[in-house]
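Residue numbers (our numbering): -15 to 455. Glycine included, every Cβ here is placed at the ideal spot set by N, Cα and C.
As structure tokens, then:
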């Protein structure tokens, strides 16, 4: 299976092999049974020139961490060693950085000479939006991964604490978590589940410094072999293809940049730029018509609240000086958030409704003509009480409106929900939106993700167990 996984990964990255220039290996490992065992590993194929050693921490007893970039020619040896042999190979250049192999799994107790290689998943593509949200990498990439041993099996709690203190005392990092996040973005010491990952970053980047101008950064070799840029205008306007230059002057790292200038069609507010290479879409980005907003609605909002400053303060509870309680400001922030997504929510809080009614509601119709009622409750404390109340009101309202209307009960809270609250919300089919989900909604606005249909589906799906915990 390891050979099969290696071949599948090789096939997936084959069109881009001559575009990469470096392979970066970042790892954290602990001493176990007289050998080094990984507690986090990421191998990244990139377009930049190799920088050599970035970090090496070897002096802390029972712990090892390093981050090194090597020439791309080393990629085959490193990947085969990981997938087939089950360990990071000895790395001797530019100096003897890692004089011993780092195994991906601990040795079983007893006189066992080696361990079986791990199971590596089939390669999959992570688009830029997903990569940024889950991996802290603003780039499309192809990934394969294997699940490592659990953290506690390699680093018992007392050993982990001792390493944590020494990292804080002897290095520029605050603790193990800080070190791990720096070497492997997305890695956390608190999570027991760890992975070995191989990421092939597609060396393409679409950006826009101003409306009406798309910049493309890619290897000069890619321009010479044909890049195709497609612009799709929304909500009104036709798609068009851009002619990009074939002859470009490469920079020192072999990359080059080009710009494409276009005119906005009447009625268009967003353009989706899609870049193709080797008959594959390698990057996409959405650009708004205005300097600081994707749509006229958000452009208007930026006049009143640039950068969502007050919205963020209302939702986080950090703003309490406007003659209103923290609870009222939170409710106002939630209703404003819906308005920015194009959902006409009505605020009934602040004494504006019969007692025991929810704080707000909205009714929207999707593209299929189905009507949805969003029933909103907001709380800065005691979520369990709110869950019970909104569940009853949801049933009551559904009976009044009839089966043709879907009632979506939602509880917003300023903190992260606790496990009992998550369980009760799922059992009652209530969408529970805590601190991290609110932050993600705001980030979706910043990324021009403002389609009402998709928002309704997101909130509706989040009522059911485990389907939407990551949002």
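Quick one: is residue i buried, meaning 16 or more other Cβ sit within 10 Å of its Cβ, or exposed?
i: residue 292; result: buried
i: residue 178; result: buried
i: residue 365; result: exposed
i: residue 74; result: exposed
i: residue 104; result: buried
i: residue 145; result: exposed
i: residue 403; result: exposed
i: residue 171; result: buried
i: residue 248; result: exposed
i: residue 398; result: buried
i: residue 285; result: buried
i: residue 302; result: exposed
i: residue 334; result: exposed
i: residue 338; result: exposed
i: residue 57; result: exposed
i: residue 222; result: exposed
i: residue 251; result: exposed
Taking the C-alpha atoms as reference points, what is the distance between residue i and residue j?
i: residue 219; j: residue 392; result: 27 Å
i: residue 396; j: residue 174; result: 26 Å
i: residue 167; j: residue 309; result: 42 Å
i: residue 453; j: residue 149; result: For residue 453, the predicted model reports a pLDDT of 48, less than 50, meaning its position is unreliable; a value from the coordinates is still stated below. The alpha-carbon atoms of residue 453 and residue 149 are separated by roughly 32 Å.
i: residue 416; j: residue 406; result: 7 Å
i: residue 30; j: residue 367; result: 46 Å
i: residue 343; j: residue 289; result: 23 Å
i: residue 260; j: residue 197; result: 18 Å
i: residue 383; j: residue -7; result: 53 Å
i: residue 370; j: residue 43; result: 52 Å
i: residue 214; j: residue 188; result: 14 Å
i: residue 352; j: residue 315; result: 30 Å
i: residue 237; j: residue 35; result: 12 Å
i: residue 128; j: residue 109; result: 9 Å
i: residue 422; j: residue 360; result: 14 Å
i: residue 118; j: residue 424; result: 11 Å
i: residue 226; j: residue 269; result: 15 Å
i: residue 443; j: residue 49; result: 41 Å
i: residue 216; j: residue 191; result: 15 Å
i: residue 41; j: residue 347; result: 57 Å
i: residue -2; j: residue 27; result: 17 Å
i: residue 124; j: residue 183; result: 10 Å
i: residue 59; j: residue 205; result: 20 Å
i: residue 211; j: residue 265; result: 10 Å
i: residue 0; j: residue 313; result: 51 Å
i: residue 298; j: residue 106; result: 44 Å
i: residue 209; j: residue 202; result: 11 Å
i: residue 88; j: residue 23; result: 8 Å
i: residue 94; j: residue 134; result: Any answer about residue 94 is weak, because its pLDDT of 43 lies below 50 and its placement is not dependable; what the coordinates show is given next. When rounded, the distance between both Cα atoms is 20 Å.
i: residue 349; j: residue 340; result: 27 Å
i: residue 224; j: residue 199; result: 16 Å
i: residue 438; j: residue 152; result: 44 Å
Quick one: give me the first and last residue of the alpha helix (DSSP H) that residue i is part of.
i: residue 137; result: 135 to 138
i: residue 148; result: 141 to 154
i: residue 165; result: 160 to 167
i: residue 61; result: 59 to 64
i: residue 200; result: That residue, residue 200, is in no alpha helix (DSSP H); its beta strand (DSSP E) goes 197 to 203.
i: residue 438; result: 436 to 445
i: residue 385; result: 367 to 385
Pull the bridge partners of residue i from the DSSP assignment, please.
i: residue 71; result: 87
i: residue 42; result: Note: residue 42 sits in no beta bridge, so no partner.
i: residue 224; result: 215
i: residue 181; result: 26, 129
i: residue 399; result: Note: residue 399 sits in no beta bridge, so no partner.
i: residue 54; result: 7
i: residue 48; result: 13
i: residue 472; result: No answer is possible for residue 472: the residues shown for the chain start at -15 and end at 455.
i: residue 417; result: 396
i: residue 82; result: 75
i: residue 36; result: 53
i: residue 20; result: 15, 86
i: residue 108; result: 127
i: residue 242; result: 200
i: residue 389; result: 355
What are the boundary residues of the beta strand (DSSP E) that includes residue i?
i: residue 325; result: Residue 325 -> no beta strand (DSSP E), and no H or E assigned at all.
i: residue 190; result: 189 to 194
i: residue 112; result: Where residue 112 is concerned, there is no enclosing beta strand (DSSP E), although the alpha helix (DSSP H) it sits in stretches over 112 to 119.
i: residue 359; result: 355 to 363
i: residue 349; result: 344 to 349
- Identify every run of the beta strand (DSSP E) within the region 255 to 314, keeping only runs that are complete inside it and at least 3 residues long; order them along the chain. Residue ranges of uninterrupted beta strand (DSSP E) with 3 or more members, entirely inside the region 255 to 314 and ordered along the chain, are 264 to 272.
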